[in-house]
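Presented below is the structure to which this report refers.
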Amino acid sequence: MKSLPASQELLNLEASARKQGSGIEINSLNGLWKFVSVWKQGKEKKDFFSSLMLRFFSASLELRQENGSHECMPLVIANSVGIGLLKLEFTGRGELKGSQPLLPFFFDRITVSFASRVLWSRSLDVPEEKERPFFALISMAPNEEWLAARGRGGGLALWLKG
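Residues in the sequence shown are numbered from 89 upward in steps of one, following my numbering.
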């Protein structure tokens, strides 16, 4: 497995990102990020069960820069889980703000598919800007193989580019 930062290293990187920014830019986020680990807010020890379940269900985050009708929200974001050929996916838009930076986003569609065939799809209401979820981007490996971020709810997550 690739060399991943330990929890204390992530906390140190987070403190540095809050003071000096993480240096993460929008073009480095493009790709499919596979979930590796999560830490609950205020905990230094990885949440083993949640991490295991999210890996078992192939949790992933896909980010893609797209120009066009949503210039103020230039990232397409897709968050999905699946088992076998069955997939549940939330899709929407996001943007980067600030030097840490923050990645506020929203989902405007939920889709259930089987073997790439859509079984059910529904639009979702877009929340007001102040109520949107976000990731505070903490750090990315120099070779862009992993990404760490803290969510609005306080949990810390680590993804591998895959």
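C-beta: ideal position from N, C-alpha, C; glycine also.
Backbone secondary structure at asparagine 115 - three-state DSSP:
Reading the sequence shown from its first residue, position 27 is the one you call residue 115. Looking at asparagine 115 - three-state DSSP - the assignment turns out to be helix.
Checking the sheet assignment: what are the DSSP bridge partners for phenylalanine 195?
By one-based count along the sequence shown, residue 195 stands at place 107. Beta-bridge pairing links phenylalanine 195 to Gly180.
Count the CB pairs spanning the stretch 158–176 and the stretch 198–214 that are closer than 8 angstroms, and state whether there are at least three.
Touching, yes.
Let me confirm a value: proline 215 is counted as buried when at least 16 other C-beta atoms fall within 10 Å, else exposed. Which label applies?
For the purposes of this step, residue 215 is taken as residue 127 along the sequence shown, with counting starting at 1. Proline 215 should be labelled exposed.
Near alanine 105, which residues of its chain fall below 7 angstroms by C-beta distance, leaving aside the five closest residues on each side in sequence?
Here the question's residue 105 lines up with position 17 in the sequence shown. So the list reads Gln188, Ile226 and Ser227, once near-sequence residues are dropped.
Counting only C-beta atoms, is proline 230 closer than 7 angstroms to chain D at any point?
Chain labels in this structure do not include chain D; a single protein chain is all it has.
Secondary structure of alanine 103, DSSP reduced to three states
Taking the sequence shown and counting its residues from 1, one reaches residue 103 at position 15. Note: alanine 103 maps to helix in three-state DSSP.
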